[in-house]
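In case it helps, my numbering puts the sequence shown at residues -13 to 616.
The beta carbon of each residue, even a glycine, is placed where N, CA and C say it ideally should be.
Everything on this sheet refers to the single structure shown next.
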Amino acid sequence: MLHISPRKLRSLPLKSRLRGLALIGALLTLLVSSFLMQSQVTHAASYCQVTYSVPNQWQGGFTGNIVIQNTSASTWNNWTLTYTFPSASQVVSQGWTGNFTQSGQNVTVTNVSWNGTLTPNSTTNPGFNASWSGSNPAPTNFAVNGNACNGSTQPTPTPTPVTPTPTPGSPTPTPTSVPPTPTPTSVPPTPTPPVTPTPTPPPGTHVDNPYAGANGYINPDWAASVKAGAAQTGGTLGQQEASVANNSTAVWLDRIAAVTGGNGVTRTLSGHLDAAVDQANANPGKPVVITLVIYDLPNRDCAALASNGELSIANNGLANYKSQYIDPIANILSLSKYSNLRIATIVEPDSLPNLITNLSFAKCSEANSSGAYVQGVQYALNKLHAISNVYTYIDIAHSGWLGWSSNFDPGVNLITNTVKGTTAGVNSVDGFISDTANYVPTTEPYMTANQQVGGNPVRSANFYQWNQYIDEASYDTAMRNAFISAGFPSSIGMLIDTSRNGWGGPNRPGGASSSTDLNTFVNGSKIDLRVHRGNWCNQKGGIGARPVANPAPGFDAYVWIKPPGESDGASQAISNDEGKGADPMCDPTFHGSNQANGGNLTEALPNAPLAGHWFQAEFDLLVKNASPSF
């Protein structure tokens, strides 16, 4: 942004005609210069929009969130954001979705490799952690590529309390897992690896974060579906869809045949591991991390029908789960030919959370009374943790499920007691994952849970129903703190499934609503465009943040657990040998129950195939609504 310092003109005696002409010329020069500067500012205001908010603040530290929007008529191929902190105490310690450097009070942010291209009206969302003392005013002088932006800010929360915590006295989310980054020099440096790269640990070494310094496994079968769908779509959208295939996704082991073969399975667990080894050999400079979803408990998906499993508790399901499913997985993962791989496992999504909220369902009640879920998870952890290059992450549902204190505390207790019952206790897990195969945004950029609108907090709006957490970042931070307080090591890391929680596209809000009516404000400001947070099947969301390691303190990675384009469930009954039924929540004409989604329509896409099968119509929407865009 250009600033014009006031100049005080003093009258001078006209001692000669020449001096008089000189004074007139100087005045004309000043007027022209002022006009040109005003013209530049006017042009710049139509170039970019920057919205700044502070979703989390604690004593001495805070998290800043920035939304950059290209409001010009041209595509940006690269971008550089600059802004100024009003206080010298405001110092960035770590940033994500951008390269942050700071000189004095001036901050410079440049794009990373995947978000440099911004088409007109598209946005990107860098963020950072920083220190402060005394006061924490919003930055000023936002500019992109030298053009001033008509930036706006959201209210900064008071230093205490911190982001809503489940119980009084919960620890403040002071970043601990990632050391502060030294204050950089005024010239933006290249990324900060050491001069001599740290050698890769010996094969089988159990590192703190399996995603750090590793390449993610590209599933050849999923990538082939993506490319085939992109070719079918064609045009600009088809080109964007084709680029999605370059991202790493998890492999779902949703039945015994996925491990050992048969029943139409074309690539077993060994086949995926072999492909991961091939990818590692093709790029020997980095290890490969492959993410596997362990997902075949007896009475699986006990509160729904879309992903019902093949094993039942009443039919010797727990014993079969151990001997026919977990044991073969552990035996394969233990093979020496896979020892160079980093194998991250997502252990039984939705299972333990179902025991908190869904005991009114007969299958969930049976899973609880028999102990099958708890014992099955413990058995899986004991087997998997014993393999040094395997990493385990326990599913904690999402903020729209366990975010209320009535669910949050029991969830922490159940998961903690389950893990403590394993052979290695709290050390048998490497962390936790939220939003698996769901759509809750990582952050809501234009509001905070306790922000007051019309005298009421945002979280009291109809959409949130007094839930303490309106996004995954705040929920996961609170969960992590609660688990550490319960005895887990501070090295535990969080994962968020960002495969479908981007919520971009033409209907994404560009900023906070100006309404003073709470519900109108929330509905106009939230990027989660569902009518109810209970809607979970084949939603009209968008691909979110790309898989990345260490996106924020305490977070091991953003990952794609649900491969974009794979169905959540069939909208009508389809004959199959996978045990999967048609769930009403996948039927777009169905009004759910008050418990499920407040009796609203499900908003599911029509003509959906079985869970896990390719669904081109959904993939088209996910790419169209991706944020950041492709």
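Item                                                                                                            : Value
Completely contained alpha helix (DSSP H) runs for the segment 305 to 365, where each covers 4 or more residues : 313 to 319, 337 to 343, 348 to 356
Spatial distance of Pro614 from Arg532 (CA atoms)                                                               : 8 Å
Cβ-based neighbour list, Asn562, same chain, cut-off 7 Å, excluding 5 preceding and 5 following                 : Leu596
Beta-carbon separation (whole angstroms), Gly47 vs Ser117, contact threshold 8 Å                                : 5 Å
Alpha-carbon spacing of Ile280 relative to Leu239, whole angstroms                                              : 6 Å
Distance between beta carbons of Pro427 and Ile513, contact taken as under 8 Å                                  : 5 Å
Option in Val77, Asn424, Ala216 with minimal Cα separation from Asn524                                          : Asn424
Beta bridge counterpart(s) of His577 as assigned by DSSP                                                        : Leu587
Alpha carbon of Phe347 to alpha carbon of Leu291, nearest angstrom                                              : 12 Å
Residue of Asn294, Ala244, Pro550, Asn442 minimising C-alpha distance to Ser501                                 : Asn442
In DSSP terms, what Pro443 is bridged to                                                                        : Gln438
Cβ-based burial, Asp264 [other Cβ within 10 Å; buried from 16]                                                  : exposed
Exposure label - Pro106; buried when at least 16 CB within 10 Å                                                 : exposed
Ordered list of beta strand (DSSP E) runs contained in the segment 453 to 492, each at least 3 residues         : 479 to 483
Residues near Pro168 by beta carbon distance below 6 Å, same chain, minus five either side                      : With a pLDDT of 37 at Pro168, under the threshold of 50, the modelled position of that residue is not reliable, and the figure given next carries that caveat. Hits under 6 Å: none found.
Alpha-carbon spacing of Ile401 relative to Ile52, whole angstroms                                               : 34 Å
Given Val545 as reference, the closest of Ala217, Ala268, Thr331, Ala228 once Cα atoms are compared             : Thr331
Proximity test, Pro492 beta-carbon vs the ligand SAM heavy atom, cut-off 7 Å                                    : The ligand SAM is not part of this structure, which contains no ligands at all.
Supposed contact pair Gly510 and Pro495 - C-beta distance, whole angstroms, cut 8 Å                             : 6 Å
Per-residue DSSP class, three states only, for Ile547                                                           : coil
Minimum C-alpha distance to Ala538 - residue among Phe114, Ser58, Trp62, Trp489                                 : Phe114
Three-state class that DSSP yields for Trp600 in the structure shown                                            : strand
Extent of the continuous beta strand (DSSP E) to which Asp381 belongs                                           : 376 to 381
For Ala538: DSSP bridge partner residues                                                                        : Phe541
Coarse secondary structure for Gly303, derived from DSSP in three states                                        : helix
Where the beta strand (DSSP E) containing Ile560 begins and where it ends                                       : Here Ile560 belongs to no beta strand (DSSP E), and DSSP marks it neither H nor E.
For Gly81, the nearest candidate out of Thr94, Ser75, Gln218, Pro72 (CA to CA)                                  : Thr94
Three or more C-beta pairs below 8 Å linking the segment 246 to 265 and the segment 202 to 220                  : yes
Range covered by the alpha helix (DSSP H) that runs through Asn617                                              : Residue 617 lies beyond the stretch modelled for the chain, which goes from -13 to 616, so this question has no answer here.
Which listed residue (Gln88, Phe616, Asn580) has its alpha carbon closest to that of Gln76                      : Gln88
Buried/exposed call for Asn467, threshold 16 Cβ in 10 Å                                                         : buried
Residues near Val360 in its chain [Cβ-Cβ closer than 7 Å; skip 5 each side]                                     : Thr404
Cutoff 8 Å; reference Asn63; Cβ partners in own chain excluding five residues on either side                    : Gly102, Thr103
Same chain, Cβ closer than 6 Å to His384, neighbours up to 5 away in sequence not counted                       : Ser420, Asp421, Asn424, Val426
Own chain partners of Asn586 with C-beta closer than 6 Å, once the 5 adjacent residues on each side are dropped : Val517, His518
With 16 other Cβ atoms within 10 Å as the buried cut-off, status of Leu607                                      : buried
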